[in-house]
Structures are given as structure tokens and as C-alpha cells.
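K.L.:
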Amino acid sequence: MSTTQTLPPSTPTAQQILKLFPEIDTQTHKAPAPSSQNDADLSGYDAEQIRLMDEVCIVLDVDDNPIGSASKKTCHLMENINKGLLHRAFSAFVFNSEN
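Numbering (this note's numbering), first residue to last: 8 to 106.
Right under this line is the structure:
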């Protein structure tokens with residue numbers, strides 16, 4: 008009689024994440040990253056949406072430890088999310104009762 012055991016998917020280490028995503032910057036002081044203004048992946052987006060993709064996100068390992076930074080675009084590509092790229096994020100909604 009044989010048994011089958013399902014193992015949870017392995018979680019990548021910080022070093023594995025950095026190898027998977029060479030665009031992650033691990034330096035704290037750096038020159039500005041190239042702009043997304045002429046990026047073909049963002050065709051169809053308005054100028055403000057494209058500008059926002061240049062914002063920098065904090066990249067994390069699976070234990071929520073910062074390991075570097077990458078553009079919002081890099082962090083939000085489904086291809087990267089599916090590979091295990093994690094980043095810190097928050098949303099704030101501000102309402103004005105007069106409008």
C-alpha cells in the first residue's frame with residue numbers, strides 16, 4: 008500500500024527572491040530609477056497612473072523582513088506576485104463630507 012503526502016509549496020528565502028528578481032535594489036542610497044513613462048507594458052494607462060508606477064516599494068522576505076526595494080510596477084506584475092515577490096503596502100481613503 009502506498010500513501011501520498013501533499014507538501015505545502017516552499018517559501019522562497021530572501022536570497023532566492025533576490026535571484027528571482029534582479030531588479031530589486033538592495034542599496035539604501037542610489038541614483039533615481041529609470042522612469043516608466045515610455046514603458047510598453049503601461050500603454051493605455053493615463054499619465055498619472057504611469058507616474059505612480061515609478062513609486063518605490065519595500066520588498067520583503069516571507070518573514071516580513073525588508074530585503075530591498077523595487078518599483079510599484081515590478082511589485083504589482085502578476086508574473087512577479089506568482090513567483091513570490093512580496094512588498095509592504097497600505098491604502099488610505101480620504102473623504103470630504105462637502106463633496
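Where is the CB? At the ideal position from N, CA and C, for every residue including glycine.
Small disclaimer: the values here were computed from a predicted structure and weren't measured.
#1: Label residue 59 either buried or exposed according to how many other C-beta atoms from any shown protein chain fall within 10 Å of its C-beta, with 16 as the threshold for buried.
#2: Spell out a yes or no on whether the stretch 62 to 71 and the stretch 16 to 33 are touching, meaning 3 or more CB-CB pairs, one atom from each, closer than 8 Å.
#3: Would you mind listing the beta strand (DSSP E) stretches within the stretch 44 to 99 that are 3+ residues and don't spill past its ends, in chain order?
#4: Inspect the beta-carbon positions of residue 82 and residue 92 and report whether they are closer than 8 Å.
P.N.:
Well, looking at it:
#1: exposed
#2: yes
#3: 63 to 67 and 73 to 78
#4: yes
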